[in-house]
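For the record, in the sequence shown the residue sitting at position 34 is 115 according to the numbering used here, with numbers rising by one throughout.
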Amino acid sequence: MTLTSLPGHELVLKGLDDLARGIESEEALLVSIGAPRLRQAGIEVPQPIASPEHRLYDRLAAEDSDSAHGRYNALVRRLVSFESAADARATAARQSSSSSAPSSQ
């Protein structure tokens, strides 16, 4: 599945790369938050970071406590956008492959 055409792909791809390299970045924490849904969409997620929601918020608050809440919500919205698009693409691919499979009649 090509991920670069999905909204928010730059965050998710960096997060996947950072997780694979053992780097705890904002993007890695975001991907850790979305790991279950990303896996359902067929995306392999390396070892997610524990308690990613709190860790991401704490990291954002350490940078600027006044904007942490809004920035956290914006990142999560971008993740959800990506997840929704990935889910739709995975569902379409499954339906396409099941409809093109030979029937056993």
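Glycine included, C-beta positions come from ideal geometry on N, C-alpha and C.
Nothing here was measured: the structure is a model prediction, and the numbers come from that model.
Where do the N-terminal and C-terminal ends of the alpha helix (DSSP H) with S113 fall, by residue?
E107 to Q121
Expressed to the nearest angstrom, what Euclidean distance is found between the alpha-carbon atoms of I124 and R118?
9 angstroms
How would you label D145, buried or exposed, when you count the other beta carbons within 10 angstroms and need 16 or more for buried?
exposed
If the criterion is Cβ atoms closer than 8 angstroms, does the pair L100 and Q128 meet it?
yes
For a quick check, are the C-beta atoms of P88 and A166 less than 8 angstroms apart?
yes
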